[in-house]
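In the working numbering, the protein residues as written are 4 to 102. Following: one structure in C-alpha cells, then a few remarks.
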C-alpha cells in the first residue's frame with residue numbers, strides 16, 4: 004500500500020511519515036509532500052492522508068483523487084498531535100480496505 008501525506012509545506016507531516024515507516028510492513032510505502040505537489044506525486048498512490056491543518060482542502064483533494072481511484076482522509080487529530088505512526092498507518096489501511 005502506498006500512502007501519501009499532504010500538508011502545507013511537507014515538513015510537519017514528515018515527522019509522522021517517519022513514525023509510520025517504522026510501523027510499515029513489507030510492500031508499504033509512506034511519503035509526505037506539500038499539497039501543491041500532489042499532481043506530481045499521485046502515481047501509484049492508494050491512500051492520501053491530509054494533515055489536520057489543511058482539512059479545508061479535503062473536497063478539492065477528494066475530487067482530484069477520486070478520478071484516479073485513490074482514497075482520501077484526514078489524519079486523526081490525536082494521532083497527528085501525538086505523532087502516532089501506528090495509528091495513522093492503521094487509519095490508512097482502513098481507508099484502503101474500505102473498513
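C-beta atoms are modelled at their ideal positions from N, C-alpha and C, and glycine is treated no differently. Since this is a predicted model, take the numbers as computed values, not measurements.
Less than 7 angstroms separating the beta-carbons of residue i and residue j?
{"i": "residue 34", "j": "residue 7", "result": "yes"}
{"i": "residue 91", "j": "residue 19", "result": "yes"}
{"i": "residue 54", "j": "residue 10", "result": "yes"}
{"i": "residue 77", "j": "residue 58", "result": "yes"}
So, is residue i buried or exposed, given that buried needs 16 or more other C-beta atoms within 10 angstroms?
{"i": "residue 72", "result": "exposed"}
{"i": "residue 80", "result": "exposed"}
{"i": "residue 94", "result": "buried"}
{"i": "residue 82", "result": "buried"}
Might you give, ordered along the chain, the residues of its own chain that have their beta carbon closer than 6 angstroms to the beta carbon of residue i, omitting 5 neighbours on each side?
{"i": "residue 23", "result": "33, 88, 91 and 92"}
{"i": "residue 49", "result": "4, 5 and 99"}
For residue i, which three-state DSSP category applies?
{"i": "residue 48", "result": "coil"}
{"i": "residue 12", "result": "coil"}
{"i": "residue 93", "result": "helix"}
Please work out which residues of its chain come closer than 7 angstroms, Cβ to Cβ, to residue i, disregarding the five sequence neighbours upstream and downstream, and give them in chain order.
{"i": "residue 29", "result": "none"}
For residue i, which residues in the same chain have their Cβ closer than 8 angstroms to its Cβ, ignoring the five residues on either side in sequence?
{"i": "residue 64", "result": "9, 38, 41, 51, 53 and 75"}
{"i": "residue 27", "result": "33 and 92"}
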